[in-house]
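Working notes, beginning with the structure itself.
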Amino acid sequence: MTDHVVDAVRLAVAVTLLLAGGAKLFSPRALARALAEMSGRPGRTGVFVTVARTVAVVELTAAVLLAGGWFAPGGAVLAGGVGVGIASFAGAGLVLRRRPACGCFGADSGRPVGPANVAAGLALAAGAVLTGLGADGDAGAADRLVLAALGALVVVLVRRWAVLVRPFGRHFRIFAEAPVAPAVTKPS
Amino acid sequence: MFEIILAITVVALTVAVVGLFAMMGELASRVPDPTPSESDMWPQALDEARLGAQPDSWPGELSELSDAAHAVLVVLSTSCTTCGRLAGGVTGEFVVPAETAAVVVACPTEEAGRAFVAEHRGLHGLRVLIDPAGEWTRTAFDVSTSPSALVLSQGRLLSAHTVTTAAALRRVGEMPVDEQSTMNREELHAGH
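Chains as they are written, first to last, in the UniProt record's numbering: chain H, 1 to 188; chain V, 1 to 192.
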């Protein structure tokens, strides 16, 4: 029973890290902007793009190590570090009253950092500790890696479904819809 | 061994797909939608605003709004993509919709606010209040949404709207003030 719980948590942590790392690797500017604002140097994102990509590589490495189980303690340390980093970053934003958009999952994660990010970071760190304790060698590594990858694919496709179907709705619509102009809104 | 290589390949392809969607998201945030919906062209009521509110104190930049018969306060934020598009003229020329008008730029730091103003030419020459963390706007009117337009009379909040295009902002200025005043007076009396 405990093994199943550890496996489920490991899968969840690996999927989360795959999504965050994959998004930031290709779209690092949102996090770079957030880091620049937090450091009091808004607009100077150059060096922080490299930092964001480094974080992405760390997240992807942690995901592969955790899901594969080859060096799960190392993966847990990396994932825990990412979790603590997220919590610290968001906590610093709350203390300093600077709330840039997080950029944790690329440009899409545009909400200002807040208590939810602190909680998410701590949850990730706790999950990493749990999966590190339950390291079990590389038996079934390939299966777990594929499962984590498929999990990440399902999540990203569900989240971005609207983007996928939008062109079909716009360009291949069969019935034209008459636009209805709403009245100027008045306070109610 | 073959299984491991296959699994690593699947993970790499997954990362590529996730990255592709992330890049699409970044692209969408930079490129304006060529066909804004009809509702984008009209102001939408902002329910969170405290209608009838009158700030206890006015920053120097906004002092002229405190006693104007009709004034409009446009609220923008540095962390809001739509605000950048609006102020940058992407949706049409940014014109404040009243003779007495001002812009509030909510920002994490004053430096970020000043950089936002410098970056967007539509804001040059206007009365602009840099509002760290949106503190003044939130305290004065309970407004923490941007971009939005607040219609004021004698410093009192008559109506509040979200606006996502220059056309919607212009329409806020075209709304009959007397009608709003009457309506809000009735609301205020009813509320008391």
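Note that the Cβ used here is the ideal one computed from N, Cα and C, for glycine as well.
Computed from a predicted model, the values in this text were never measured in an experiment.
Closer than 6 Å by C-beta to residue i: which residues in its own chain qualify, once you throw out the five before and the five after it? Chain order, please.
{"i": "V/HIS189", "result": "Any reading at V/HIS189 must be qualified, since the residue scores a pLDDT of 42, below 50, and its modelled position is unreliable; the value itself is stated next. Excluding sequence neighbours, V/HIS189 sits near nothing in its chain."}
{"i": "H/ALA87", "result": "VAL118, GLY121 and LEU122"}
{"i": "V/GLN54", "result": "GLY155 and ARG156"}
{"i": "V/PHE116", "result": "THR78 and VAL105"}
{"i": "H/PHE175", "result": "For H/PHE175, the pLDDT reaches just 42, beneath the cut-off of 50, and the residue's location in the model is therefore unreliable, although a value from the coordinates is still provided. The answer is none, since no qualifying residue turns up."}
{"i": "H/ALA62", "result": "LEU17, GLY75, LEU78 and ALA79"}
{"i": "H/ALA8", "result": "none"}
{"i": "V/GLY88", "result": "HIS120"}
{"i": "H/THR54", "result": "none"}
Between the Cα of residue i and the Cα atoms of the options, which residue gives the shortest distance?
{"i": "V/THR164", "options": "V/GLU61, V/PRO97 and V/ASP40", "result": "V/ASP40"}
{"i": "V/SER146", "options": "V/ALA168, V/THR82, V/ALA166 and V/TRP42", "result": "V/THR82"}
{"i": "V/ARG127", "options": "V/PRO43, V/LEU65 and V/PHE21", "result": "V/LEU65"}
{"i": "H/CYS102", "options": "H/ALA92, H/VAL95 and H/VAL113", "result": "H/VAL113"}
{"i": "V/HIS124", "options": "V/GLU135, V/THR139, V/VAL104 and V/PHE141", "result": "V/VAL104"}
{"i": "H/ALA126", "options": "H/ASP7, H/GLY75, H/GLY80 and H/MET38", "result": "H/GLY80"}
{"i": "V/GLU119", "options": "V/ILE130, V/GLY84 and V/TRP136", "result": "V/GLY84"}
{"i": "V/GLU93", "options": "V/GLU111, V/GLU110, V/GLY122 and V/ARG114", "result": "V/GLY122"}
{"i": "H/ARG33", "options": "H/ALA52, H/GLY21 and H/THR2", "result": "H/ALA52"}
{"i": "V/THR14", "options": "H/ALA8, H/GLY22 and H/ASP7", "result": "H/GLY22"}
{"i": "residue 195 of chain V", "options": "V/ALA7, V/MET1 and V/ARG170", "result": "Since the displayed chain V opens at 1 and closes at 192, residue 195 of chain V lies outside it and no answer follows."}
{"i": "H/PHE105", "options": "V/THR9, V/GLU110 and V/GLY25", "result": "V/GLY25"}
Applying the criterion that 16 or more other CB atoms from any shown protein chain within 10 Å of the CB defines a buried residue, is residue i buried or exposed?
{"i": "V/ILE5", "result": "exposed"}
{"i": "H/THR56", "result": "Per the sequence shown, the amino acid found at residue 56 of chain H is Ala instead of Thr. By the 10 Å Cβ count, H/ALA56 comes out buried."}
{"i": "H/TRP161", "result": "exposed"}
{"i": "H/LEU19", "result": "buried"}
{"i": "H/ALA145", "result": "Going by the sequence as given, residue 145 of chain H is Leu instead of Ala. The residue in question, H/LEU145, is buried, as its Cβ has 16 or more Cβ neighbours within 10 Å."}
{"i": "H/HIS4", "result": "exposed"}
{"i": "H/GLU59", "result": "buried"}
{"i": "H/VAL158", "result": "exposed"}
{"i": "H/ALA128", "result": "buried"}
{"i": "residue 270 of chain H", "result": "Chain H is shown from 1 up to 188; residue 270 of chain H falls before or after that span and cannot be answered."}
{"i": "H/VAL47", "result": "exposed"}
{"i": "V/MET1", "result": "exposed"}
{"i": "V/GLY191", "result": "Here the model assigns V/GLY191 a pLDDT of 41, short of 50, so the residue's position is not dependable, and the following value carries that caveat. Flag for V/GLY191 reads exposed."}
Considering only their Cβ atoms, is the gap separating residue j from residue i smaller than 8 Å?
{"i": "V/VAL11", "j": "H/VAL64", "result": "yes"}
{"i": "H/THR45", "j": "H/ALA36", "result": "yes"}
{"i": "V/TRP42", "j": "V/ALA168", "result": "yes"}
{"i": "H/ARG98", "j": "H/MET38", "result": "yes"}
{"i": "H/ALA116", "j": "H/ALA30", "result": "no"}
{"i": "V/ALA68", "j": "V/THR100", "result": "yes"}
{"i": "V/LEU46", "j": "V/THR162", "result": "yes"}
{"i": "V/ALA160", "j": "V/VAL95", "result": "no"}
{"i": "H/ALA141", "j": "H/GLY91", "result": "no"}
{"i": "H/VAL82", "j": "V/VAL17", "result": "no"}
{"i": "V/VAL75", "j": "V/THR137", "result": "yes"}
{"i": "residue 215 of chain V", "j": "V/GLU61", "result": "This structure cannot settle anything about residue 215 of chain V, because the visible part of chain V is limited to 1 through 192."}
{"i": "V/LEU129", "j": "V/PRO59", "result": "yes"}
{"i": "V/HIS70", "j": "V/SER153", "result": "yes"}
Got a sec? Which residues, its chain only, sit under 8 Å from residue i by beta carbon, not counting five neighbours each side?
{"i": "V/ASP142", "result": "GLU48, ALA49, ARG50 and ALA53"}
{"i": "V/PRO108", "result": "THR78, SER79, PRO132 and ALA133"}
{"i": "V/GLU110", "result": "ILE130 and PRO132"}
{"i": "H/LEU147", "result": "LEU11 and ALA67"}
{"i": "H/LYS186", "result": "Residue placement at H/LYS186 cannot be trusted, given a pLDDT of 40 that sits under 50; what the coordinates show is reported in the next sentence. No residues qualify anywhere along the chain."}
{"i": "H/ASP143", "result": "none"}
Excluding the five sequence neighbours on either side, which residues of its own chain have a C-beta within less than 7 Å of the C-beta of residue i, listed in chain order?
{"i": "H/LEU66", "result": "ARG10, VAL13, ALA14, ALA72, GLY75, ALA76, ALA79 and THR131"}
{"i": "V/CYS173", "result": "Sequence check: residue 173 of chain V is Gly here, not Cys. Closer than 7 Å at Cβ, skipping near neighbours: VAL72, PRO97 and ALA98."}
{"i": "H/GLY40", "result": "none"}
{"i": "V/ASP57", "result": "The amino acid occupying residue 57 of chain V in the given sequence is Ser; Asp does not appear at that position. So no residue of the chain qualifies."}
{"i": "residue 276 of chain H", "result": "The requested residue 276 of chain H is not part of the displayed model; chain H covers only 1 to 188."}
{"i": "V/ARG114", "result": "ILE130"}
{"i": "V/GLN44", "result": "HIS161 and THR162"}
So with CB distances below 8 Å, who are the chain B contacts of residue i?
{"i": "V/THR109", "result": "Structure shown: chain B not included; protein chains present are H and V."}
Legend entry - Three CB pairs or more closer than 8 Å across the segment 16 to 28 of chain H and the segment 12 to 26 of chain V: Touching, yes.
Inset, instruction - Could you tell me whether the segment 10 to 18 of chain H touches the segment 140 to 158 of chain H, where touching means 3 or more Cβ pairs closer than 8 Å? - result: They touch, by the three-pair rule.
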